[in-house]
Amino acid sequence: MVGLRERKKQRTRRALIEAALRLFDEQGFEETTLAEIAAEAEVSTRTFFSYFASKEDVLFYDGESRMAMAMELISSRMPGEHLADLLLRLVRASLHLATVDDSISVEEVPLRMRLLMNVPSLQARALHLLFNSQLRLARALEDAFPDELDHVDAAAVIGALIGATKLAVISSINHGGSLEQATEAAERAARLTLRGLSSIGSASRP
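Under the numbering used here, think of the first position of the sequence shown as 299, with each following residue one higher.
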């Protein structure tokens, strides 16, 4: 059970995220200052730094929790579980986390996507985090399938899967799709990709 102190911290963190996104949307990312975000959330700038190292970090607030979930899922591969089955389970778990996480609202998804696509500093940060996360996942996948995958196989699988699902989500949102439709597009892209990767290791058709 979450204690009172932890709930208060979660509310403050959430207030900072909402304030930052609101100001980014209204006046632009570059034009928004840390002091303005803190004031909008009714906390001090010092409190802001207790939760985020920079205003860029606010846009990636769920990155580590999602990565931790993915790493744990891969490392806990079930006995005899095939590559494609594990990866499809990973995609579904990631999509489920994105749709049930109370810290993420439907309205924030296209806003975050728009900011990440149009602000150069955020694009650079997103690419850095993307490559880093893919390398971590590839190493975890290689460890989970030591007799079936080498580092090249694992890198190819993770790169193809993440690239396909992310692009499918972006395409769906750009076409005015809802969060539910973007989720469906991601799973469809994952299935298509895994069928194409069925020759790697002992991958089964999903």
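Note that CB positions come from ideal geometry on N, CA and C, so glycine has one too.
*Span separating the alpha-carbon of Ala366 from that of Ala333*: Between Ala366 and Ala333, the C-alpha separation is close to 31 Å.
_Best match in Val450, Val341, Leu357 and Gly461 for proximity to Leu413 [C-alpha to C-alpha]_ = Looking only at Val450, Val341, Leu357 and Gly461, the smallest Cα-Cα distance to Leu413 is reached by Leu357.
*By Cβ distance below 6 Å, which residues in the same chain neighbour Ala480 in space, the five residues on each side in sequence not counted?*
Contacts found: Val467, Ser470 and Ile471.
*Out of curiosity, what's the CA-to-CA distance linking Glu324 and Tyr359?*
Pairing Glu324 with Tyr359, the inter-Cα distance amounts to about 20 Å.
_Collapsed DSSP secondary structure at Glu406 in the structure displayed_ = Assigned with DSSP and collapsed to three states, Glu406 falls in helix.
*For Tyr349 versus Arg410, is the C-beta spacing smaller than 7 Å?*
Not closer than 7 Å, so no.
*Assuming Ala483 contacts Gly475 (C-beta within less than 8 Å), just tell me the rounded distance between them.*
Indeed they touch by this definition, with Cβ atoms about 7 Å apart.
*Work out the CA separation of Val455 and Leu495 for me, nearest whole Å.*
Going from the Cα of Leu495 to the Cα of Val455 covers about 7 Å.
*Under a CB-based cut-off of 7 Å, is Met411 close to chain C?*
Reference to chain C is not applicable here, since this structure consists of a single protein chain.
*In the DSSP assignment, find the unbroken alpha helix (DSSP H) run with Ser348 in it and report its ends.*
Its alpha helix (DSSP H) spans residues Thr343 to Tyr349.
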